[in-house]
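Notes follow once the structure below has been shown.
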Amino acid sequence: MAVFGATFFINILFTKFRESPVIMSLAPTTTQLSAFPFPAVTICNMNNVRKSNVASILKLHASRGKTVDKYLIEDFCEKDDEFDFTDSDKNITASWDYIKKLMIEVSQPCHEMLVYCQWYSTKYECSDIFNPALTDEGMCCTFNRVKREFIFKNPKDMSDLNVTYLHESIDWSPERGYPSESPITHLPWRPIGAGSHMGLTIAVDVEADQYYCSSEHSIGFKVLLHNPIETPKLASFASAIRAGSETYVHIMPTIMVSEDRIEDISVEKRQCYFINERHLLYYRSYTQKNCIRECEANFTLTYCGCVLYYMPKDIHTRICGRKDGWCASYAKRVMDISAGDPNYEDKDFKLLKPCVCLPGCHEIGYSMSLSSSPLTNLVEIKPEFIKKHDINYFKENMAIIHLFFTESQFTGILRTRLFGFTEFLCEY
Numbered sequence: 008m009a010v011f012g013a014t015f016f017i018n019i020l021f022t023k024f025r026e027s028p029v030i031m032s033l034a035p036t037t038t039q040l041s042a043f044p045f046p047a048v049t050i051c052n053m054n055n056v057r058k059s060n061v062a063s064i065l066k067l068h069a070s071r072g073k074t075v076d077k078y079l080i081e082d083f084c085e086k087d088d089e090f091d092f093t094d095s096d097k098n099i100t101a102s103w104d105y106i107k108k109l110m111i112e113v114s115q116p117c118h119e120m121l122v123y124c125q126w127y128s129t130k131y132e133c134s135d136i137f138n139p140a141l142t143d144e145g146m147c148c149t150f151n152r153v154k155r156e157f158i159f160k161n162p163k164d165m166s167d168l169n170v171t172y173l174h175e176s177i178d179w180s181p182e183r184g185y186p187s188e189s190p191i192t193h194l195p196w197r198p199i200g201a202g203s204h205m206g207l208t209i210a211v212d213v214e215a216d217q218y219y220c221s222s223e224h225s226i227g228f229k230v231l232l233h234n235p236i237e238t239p240k241l242a243s244f245a246s247a248i249r250a251g252s253e254t255y256v257h258i259m260p261t262i263m264v265s266e267d268r269i270e271d272i273s274v275e276k277r278q279c280y281f282i283n284e285r286h287l288l289y290y291r292s293y294t295q296k297n298c299i300r301e302c303e304a305n306f307t308l309t310y311c312g313c314v315l316y317y318m319p320k321d322i323h324t325r326i327c328g329r330k331d332g333w334c335a336s337y338a339k340r341v342m343d344i345s346a347g348d349p350n351y352e353d354k355d356f357k358l359l360k361p362c363v364c365l366p367g368c369h370e371i372g373y374s375m376s377l378s379s380s381p382l383t384n385l386v387e388i389k390p391e392f393i394k395k396h397d398i399n400y401f402k403e404n405m406a407i408i409h410l411f412f413t414e415s416q417f418t419g420i421l422r423t424r425l426f427g428f429t430e431f432l433c434e435y
């Protein structure tokens with residue numbers, strides 16, 4: 008009887024060892040702030056098109072007949088019947104380079120949106136630490152994102168902006184970490200302490216009187232924290248910050264690490280990829296979000312014959328135009344539903360090849376909590392925040408944002424073996 012009982016329990020333990028050999032638990036040691044990057048911060052004005060730029064284009068149109076610009080403005084604003092077009096006008100096409108040029112022209116530039124920037128308690132020219140970025144929200148401004156050469160395999164094929172960076176970047180990834188002896192001045196920058204004085208402080212101008220069309224039903228900014236080697240997706244995942252407020256953004260990292268000894272366990276059982284196991288077509292480094300972005304692009308291309316302008320692509324891929332809008336929206340819906348429901352079935356789902364975008368075995372993500380209070384003229388305001396404007400403009404149009412960590416060390420999640428074969432034998 009005793010032998011039978013022992014055999015029964017040994018079999019249960021062996022089955023668990025064979026089928027679920029990996030366990031996730033709190034890491035036994037904490038991770039210091041200096042071991043991982045400050046998040047990339049992407050901020051966008053909800054205003055897609057400035058009113059004064061539209062007025063200039065309409066004036067130009069009256070004198071030179073530039074119908075394509077008006078047509079593209081309708082497209083940027085996702086409006087119909089804003090202007091009167093003939094049937095022939097609706098067949099107008101424009102190259103992506105022309106569309107991108109107009110998008111830059113009608114958007115609020117970073118040097119006008121960003122009024123004041125402070126990093127590590129040191130004031131910087133905002134143009135020295137922020138770069139313009141082309142996102143699914145249009146033109147935005149990004150802090151601490153690495154050069155595109157360290158994000159994409161073929162950066163010249165991408166539709167994003169070819170930006171000149173003042174600071175050098177290094178080849179960082181969550182698994183490789185920072186190279187030994189890497190200068191602290193190279194992107195992505197690392198946090199060196201907790202508290203608002205050791206983080207990033209910015210003052211931004213919403214230009215309320217310049218609103219022509221908002222991406223939402225309000226006036227303000229969208230902010231997203233993301234991995235410095237990932238493409239931000241603000242339209243669906245950003246947080247809103249209203250003008251006329253001072254906002255404190257508490258940053259909370261999610262750190263996932265894995266022991267090397269689980270590498271010989273199959274991917275199906277450990278449910279993660281090491282960086283050398285899964286190679287993406289467009290991105291240099293595998294992360295779960297990079298995989299999802301690439302899968303979205305591939306499905307949109309398969310289903311619609313084009314990709315949206317912010318998606319990764321090769322040099323020969325067509326960028327979707329206005330006539331492709333319904334198709335691209337449907338492709339996005341199929342992707343979003345299938346990501347949340349692996350058993351989702353659709354008549355076009357057969358075109359969606361399984362992406363299997365598992366997490367990386369080493370990954371880092373960022374979440375945030377926000378608190379804010381209204382700006383007022385009852386206290387003294389720094390002249391750098393107001394600049395050429397008066398206090399009333401400041402209260403209605405400006406937002407002051409502090410982004411920082413609240414702790415100097417964090418506990419990550421560790422993937423490790425439930426027990427090795429030796430430990431299994433030692434149990435009995």
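If you want our numbering, it's the 1-based position in the sequence shown plus 7.
Every residue, glycine too, gets a C-beta built ideally from N, C-alpha and C.
Excluding the 5 residues flanking residue i on each side, which residues of the same chain have their C-beta closer than 8 Å to its C-beta?
i: D76; result: I64, L67, H68, L109
i: F159; result: M165, Y289, Y290, R291, P319
i: V29; result: I269, I272, K276, R277, Q278, R422, T423, R424, L425
Helix, strand or coil for residue i, going by three-state DSSP, please let me know.
i: H118; result: helix
i: I136; result: helix
i: T192; result: coil
i: I420; result: strand
i: K165; result: The question names Lys, but residue 165 is Met in the sequence shown. M165: coil per DSSP, three-state reduction.
i: F45; result: coil
i: F438; result: Coverage of the chain is limited to positions 8 through 435, which leaves residue 438 absent and any answer about it impossible.
i: P260; result: strand
i: Q39; result: strand
i: H396; result: coil
i: L425; result: coil
i: T309; result: helix
i: V211; result: strand
i: M205; result: helix
i: A101; result: coil
i: E6; result: Only positions 8 to 435 of the chain appear in this structure, which leaves residue 6 out of reach.
i: M318; result: coil
i: S63; result: helix
i: L33; result: strand
Name the residue from the options whose alpha carbon lies nearest to the alpha carbon of residue i.
i: I262; options: A34, I30, V48; result: A34
i: I111; options: V56, E132, K330; result: V56
i: P366; options: S265, L79, P260; result: S265
i: T383; options: P390, I398, L377; result: I398
i: Y400; options: R152, A250, S345, K130; result: A250
i: F150; options: C133, E144, T142, K163; result: C133
i: P44; options: N54, S189, L79; result: S189
i: A406; options: I326, G227, L40, D104; result: G227
i: I136; options: E370, S187, L194; result: L194
i: I1; options: M146, A42, P162; result: Coverage of the chain is limited to positions 8 through 435, which leaves residue 1 absent and any answer about it impossible.
i: G145; options: L308, R325, C220; result: C220
i: S102; options: K395, R325, T418, A346; result: R325
i: K402; options: P260, S380, E414; result: S380
Just how far apart, CA to CA, sit residue i and residue j?
i: H174; j: S59; result: 33 Å
i: G72; j: A62; result: Bear in mind that the predicted position of G72 carries a pLDDT of just 48, short of 50, making it unreliable; the figure below should be weighed with that in mind. Computed Cα separation, rounded: 14 Å.
i: H323; j: K86; result: 29 Å
i: E81; j: R183; result: 45 Å
i: R268; j: Q416; result: 25 Å
i: C334; j: F83; result: 17 Å
i: Q115; j: G328; result: 23 Å
i: T171; j: I209; result: 21 Å
i: S32; j: E214; result: 48 Å
i: R3; j: V386; result: Nothing about residue 3 can be reported from this structure: the residues present for the chain run from 8 to 435 only.
i: V314; j: C298; result: 16 Å
i: C364; j: K240; result: 17 Å
i: A242; j: A140; result: 14 Å
i: L425; j: I272; result: 11 Å
i: Q408; j: E253; result: Here residue 408 turns out to be Ile, not Gln, going by the sequence shown. Distance between the alpha carbons of I408 and E253: 6 Å.
i: C124; j: G332; result: 37 Å
i: S225; j: T294; result: 33 Å
i: S246; j: V230; result: 5 Å
i: K130; j: Y317; result: 32 Å
i: R79; j: Q217; result: For clarity, residue 79 is Leu in the given sequence; the question names Arg instead. About 18 Å.
i: R300; j: T49; result: 17 Å
i: F244; j: E303; result: 16 Å
i: D126; j: S222; result: Reading off the sequence, residue 126 comes out as Trp, not Asp. Approximately 29 Å between the Cα atoms of the pair.
i: F16; j: I420; result: Note that F16 has pLDDT 48, beneath the 50 cutoff, so the model's placement of it is unreliable and no number is given.
In its own chain, which residues sit with a C-beta less than 6 Å from the C-beta of residue i, not counting the 5 before and 5 after it?
i: K296; result: E237
i: S378; result: Y255
i: P181; result: H369, E370, I371
Can you list, in chain order, the residues of its chain whose CB lies under 7 Å from that of residue i, leaving out five sequence neighbours each side?
i: I258; result: P46, L232, Y373, M375, L410, F411, F412
i: M120; result: N52, C148, V211, D212
i: F157; result: S176, D178, I236, R291
i: C311; result: C327, D331, C334, A335, A338
Say the cut is 7 Å; is the CB of residue i nearer than that to a heavy atom of the ligand GTP?
i: V61; result: Because no ligand of any kind appears in the structure shown, any question about the ligand GTP cannot be addressed here.
For a minimum of 4 consecutive residues, which ranges assigned as the alpha helix (DSSP H) are wholly contained in the segment 221 to 259? Listed in chain order, they are 241 to 244.
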